[in-house]
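Below: the structure, in structure tokens.
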Amino acid sequence: MNPPVPDRGALVPLPYHAALVGYLRLHEPDVWRWAGARASDGEQRACLRAMLLRDTYRIDPAAHGEVHATLSTAMARLGIAAPATLYQSPGQQMNAALAFVSGEVHIILQGPLLERLAPDELLAVFGHELAHYLLWTRDDGQFLVAERVLNDALAAAGASASHHETYRRYAGM
Numbered sequence: 001m002n003p004p005v006p007d008r009g010a011l012v013p014l015p016y017h018a019a020l021v022g023y024l025r026l027h028e029p030d031v032w033r034w035a036g037a038r039a040s041d042g043e044q045r046a047c048l049r050a051m052l053l054r055d056t057y058r059i060d061p062a063a064h065g066e067v068h069a070t071l072s073t074a075m076a077r078l079g080i081a082a083p084a085t086l087y088q089s090p091g092q093q094m095n096a097a098l099a100f101v102s103g104e105v106h107i108i109l110q111g112p113l114l115e116r117l118a119p120d121e122l123l124a125v126f127g128h129e130l131a132h133y134l135l136w137t138r139d140d141g142q143f144l145v146a147e148r149v150l151n152d153a154l155a156a157a158g159a160s161a162s163h164h165e166t167y168r169r170y171a172g173m
């Protein structure tokens with residue numbers, strides 16, 4: 001029996017995401033162009049890969065087959081066919097993050113997620129991170145560009161409370 005084909009049409013950006021992309025493109029065209037060029041920069045990819053190798057260790061599929069099987073299940077359910085790598089980051093706070101590289105899935109686990117989460121809980125975590133991947137790869141990457149514009153705004157000196165709230169709402173949805 002073949003597994004069901006995922007309905008990608010059911011996964012659409014929220015109206016808030018689309019409205020924010022529209023606002024940034026209209027009111028910050030220079031910043032938008034700069035962030036868009038940066039989003040696909042090969043040098044940035046090299047820096048990201050170097051950071052992953054320096055600050056994390058890869059979770060080996062041979063040693064952690066169940067974890068990789070759970071990730072494969074999440075990817076299949078969402079219709080993602082890309083090479084995937086899992087990483088473990090030090091720390092006690094449990095979290096996960098997607099390090100975005102177009103055409104590749106890189107998920108960083110922090111803290112004791114593997115020890116504390118049941119397989120279904122880990123599947124949900126992977127699904128959440130993979131939803132970021134789907135959002136950031138659709139519509140020519142415009143939602144990734146918006147994420148980077150907002151993230152850079154927070155890094156600037158004097159970022160306002162409204163910048164923080166906008167980013168929280170955009171990234172947390």
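Letter 155 of the sequence shown, counting from 1, is numbered 155 in the UniProt record's numbering, and no numbers are missing.
We put the CB at the ideal spot given by N, CA and C, even for glycine.
Answer yes or no: do Tyr84 and Val101 have a C-beta to C-beta separation smaller than 7 Å?
Here residue 84 is taken as the residue at index 84 of the sequence shown, counted from 1. Here residue 101 is taken as the residue at index 101 of the sequence shown, counted from 1. The question names Tyr, but residue 84 is Ala in the sequence shown. Against a cut-off of 7 Å, the Cβ pair of Val101 and Ala84 comes out as no contact.
If contact is defined by three or more beta carbon pairs under 8 Å, each pair taking one atom from either stretch, is the segment 14-33 in contact with the segment 146-155?
yes
Any idea if Gln93 is buried or exposed, counting beta-carbon neighbours within 10 angstroms, 16 or more meaning buried?
In the sequence shown, the residue the question calls residue 93 occupies position 93. Exposed: under 16 other Cβ atoms inside 10 Å.
So what's Arg138 in DSSP terms, helix, strand or just coil?
Counting from 1 along the sequence shown, the entry for residue 138 is found at position 138. Residue state, collapsed to three classes: coil.
Quick check on this structure: which residue in Asn151, Tyr170, Leu130 has the alpha carbon closest to the alpha carbon of Gly79?
Along the sequence shown, read from residue 1 onward, the residue named residue 79 stands at position 79. Checking every option, the nearest Cα to that of Gly79 belongs to Leu130.
Go through the UniProt domain "Peptidase M48" (62-134) residue by residue and report every complete run of the beta strand (DSSP E) that reaches 3 residues or more, in order.
If only uninterrupted beta strand (DSSP E) runs of at least 3 residues are considered, those enclosed by the UniProt domain "Peptidase M48" (62-134) are 84-89, 95-98, 105-110.
Assuming Gln88 contacts Leu109 (C-beta within less than 8 Å), just tell me the rounded distance between them.
Position 88 of the sequence shown, counted from the first residue, corresponds to residue 88. Position 109 of the sequence shown, counted from the first residue, corresponds to residue 109. Yes, they are in contact, since the Cβ atoms of Gln88 and Leu109 sit about 5 Å apart, within 8 Å.
Tell me the rounded alpha-carbon separation between Leu86 and Asp152.
For this step, residue 86 is matched to residue 86 along the sequence shown. For this step, residue 152 is matched to residue 152 along the sequence shown. Note on geometry: alpha-carbon atoms of Leu86 and Asp152 lie some 26 Å from one another.
Within the same chain, show all residues whose beta-carbon is closer than 8 Å to that of Leu154, passing over the 5 residues directly before and after it, in chain order.
By one-based count along the sequence shown, residue 154 stands at place 154. Counting only Cβ-Cβ distances below 8 Å, and skipping sequence neighbours, we find His163, His164, Tyr167.
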